[in-house]
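Participant:
Protein chains: 2
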Amino acid sequence: MNESVQAKTFPPRNSKECSSRILAIRDALDILSGKWKIPIIGVLGFGKLRFKELQREIQGITGKMLSKELRELELNKLITRTVKDTKPVTVEYELTEYGQTLEKVISELHSWGLQHRQTIMNGE
Amino acid sequence: MNESVQAKTFPPRNSKECSSRILAIRDALDILSGKWKIPIIGVLGFGKLRFKELQREIQGITGKMLSKELRELELNKLITRTVKDTKPVTVEYELTEYGQTLEKVISELHSWGLQHRQTIMNGE
DNA sequence: GAAAGTGGTTTCCTTAAGGATACCATTCAC
DNA sequence: GTGAATGGTATCCTTAAGGAAACCACTTTC
Chain A
56 MNESVQAKTF PPRNSKECSS RILAIRDALD ILSGKWKIPI IGVLGFGKLR FKELQREIQG
116 ITGKMLSKEL RELELNKLIT RTVKDTKPVT VEYELTEYGQ TLEKVISELH SWGLQHRQTI
176 MNGE
Chain B
56 MNESVQAKTF PPRNSKECSS RILAIRDALD ILSGKWKIPI IGVLGFGKLR FKELQREIQG
116 ITGKMLSKEL RELELNKLIT RTVKDTKPVT VEYELTEYGQ TLEKVISELH SWGLQHRQTI
176 MNGE
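As given, the protein sequences belong to chains A and B, one line each in that order.
In terms of our numbering, the first sequence opens at residue 56 and continues consecutively.
In terms of our numbering, the second sequence opens at residue 56 and continues consecutively.
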C-alpha cells in the first residue's frame, strides 16, 4: 500500500502536530501519574494544609502513600514543605506558583467529572 | 483539640467544596486512568483513525493494550467503533460527541505539558 | 504458495502501584 | 503513666498494569 492510497482512504493529518500533542500530554502525565497526585494538588488549591489534614481530606490514602506522593510533588517543585516548630511539630504543604499553573488542568478535570456524574446518573 | 483551635491555626475552608472537588476529580480519573487513554483520546481529537494507524501514531503501545483501552473507551461512550466491509476489513475509531467534551481537559494538559518541557529545559 | 497488510486474541510473565500494619519520637491533657 | 495527636518510616504483601511473543482468519499482491 502506497502513500496515495493511504491519503485517499483517510483524511490527511499533520502527523507532527499529532505526535507533538502526544509528547506534551505524556510529559504532563509523567508528573501527575498515579491515583493520588491530582487529588492532592486539587485540595491544596484551596490553601495550605498539614499532613494529617491532608490525610483526612483525601479519604482512603495511607500515610505511606501520602508522604511518598508529597515527596515526589516537592521534587517536581509543585509544592513546598515547611516545618513549623510548634508544640508538636507541624508541617505545612502548599502549592508553589508553579504548582498553581496546574489549576486550569485541575478545574477542567473537576468540571468534566461533575458533568460526567450527571450524565451517568441520568442517561445510563 | 477542638474546632476553634483548628480554625485559629489554619484558614477556614469549606470542607464540602473541597471534598466535592476530590469526588469529581476521581470520577474523571476513574475513566481516564492508565497510561494510554488520554493519549488515545488526544490523537482521536484530530479525526478518526484505524486500529493500526492508532498503533503507529501512539508509539510504544502494544496491540493488546490498544484493543483493551479502545474497548473500555467504547464502553464509556467516549469513542465509537465502526467496522467497514472493505477488501481487508478495516475498523474506524472516532470520538463521540461525548468524547469531544474532553477536548478542553486534553488541551489544558497539552499546553501545560508543553510549558513544563520548556521549564525543565531552561530552569533545571 | 509465500509475504504482507487488515484487526485483533491468547498466553505468559514482570514490574510497579498501592494497601495493611506496626512502629517511632515527641508533646500535651488527664 | 495512659491516651491522643503531631508527622512520619519500615516491612510485608497483593493486585493491577503493562509488555513480549505467538497466533488467527481473511485478502491482496507478487
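In this text, a Cβ means the ideal position worked out from N, Cα and C, and glycines have one as well.
Taking T156 (chain B) as the reference, give the member of A:Q155, A:E163, A:E152 and A:T135 with the closest Cα.
Facilitator: Selection A:Q155, A:E163, A:E152 and A:T135 evaluated against T156 (chain B) yields A:E163 as nearest (Cα-Cα).
Participant: Going by DSSP, what residue range makes up the beta strand (DSSP E) through I134 (chain B)?
Facilitator: Unbroken beta strand (DSSP E) run through I134 (chain B): I134 to K139.
Participant: Look at the alpha carbon of L104 (chain B) and the alpha carbon of T174 (chain A), and state the distance between them as a whole number of angstroms.
Facilitator: 26 Å
Participant: Does N177 (chain B) have its Cβ less than 9 Å from a Cβ in chain A?
Facilitator: With 9 Å as the cut-off, N177 (chain B) does not count as an interface residue toward chain A.
Participant: K92 (chain B) and E124 (chain B) - do their beta-carbons sit closer together than 9 Å?
Facilitator: Result yes, Cβ atoms of E124 (chain B) and K92 (chain B) sit closer than 9 Å.
Participant: If I follow the unbroken beta strand (DSSP E) through V146 (chain B), where does it start and stop?
Facilitator: Counting along the chain, V146 (chain B) sits inside the beta strand (DSSP E) bounded by residues T145 to L150.
Participant: With 9 Å as the threshold, decide whether the Cβ of R172 (chain A) is near any Cβ in chain B.
Facilitator: Chain B contact via Cβ: present.
Participant: Would G168 (chain A) and L84 (chain B) be called neighbours here (beta carbons separated by less than 9 Å)?
Facilitator: yes
Participant: Span of the alpha helix (DSSP H) holding G168 (chain B)?
Facilitator: Unbroken alpha helix (DSSP H) run through G168 (chain B): E158 to N177.
Participant: May I ask you to list, following chain order, the residues of the stretch 147-166 of chain A that have a beta carbon less than 8 Å from some beta carbon of chain B?
Facilitator: Listed in sequence order: Y153, T156, L157, K159, V160, I161, E163, L164, H165 and S166.
Participant: How many angstroms separate the CA atom of I161 (chain B) from the CA atom of I80 (chain A)?
Facilitator: 8 Å
Participant: For G97 (chain B), which residues of its own chain have a beta-carbon under 6 Å away from its beta-carbon, when the five flanking residues on both sides are left out?
Facilitator: Once the five neighbours on either side are set aside, the close Cβ partners of G97 (chain B) are I161.
Participant: What residues in the stretch 101-123 of chain B bring their beta carbon closer than 8 Å to a beta carbon of chain A?
Facilitator: Those would be F101, G102, K103, L104, R105, E108, E112, I113 and Q114, in chain order.
Participant: Please report whether the beta-carbon of K71 (chain B) lies at a distance below 9 Å from any beta-carbon of chain A.
Facilitator: no
Participant: With DSSP as the reference, please indicate the residues paired to R105 (chain A) in a beta bridge.
Facilitator: A:E147
Participant: Return the CA-CA distance between L121 (chain A) and Q114 (chain B), expressed in angstroms with no decimal places.
Facilitator: 32 Å
Participant: Whose Cβ in chain B lies nearer than 8 Å to the Cβ of V98 (chain A)?
Facilitator: C73, R76 and I77
Participant: Along chain B, in chain order, which residues have C-beta atoms closer than 7 Å to that of I243 (chain A)?
Facilitator: Shown here, chain A extends from 56 to 179; a query on residue 243 (chain A) therefore has no answer.
Participant: Residue range of the alpha helix (DSSP H) that S74 (chain B) falls in?
Facilitator: S70 to L87
Participant: Please report how far the alpha carbon of Q110 (chain B) lies from the alpha carbon of I86 (chain A), in whole angstroms.
Facilitator: 24 Å
Participant: So, Y153 (chain B) versus K132 (chain B), is the Cβ gap smaller than 9 Å?
Facilitator: yes
Participant: Helix, strand or coil for I116 (chain B), going by three-state DSSP, please let me know.
Facilitator: coil
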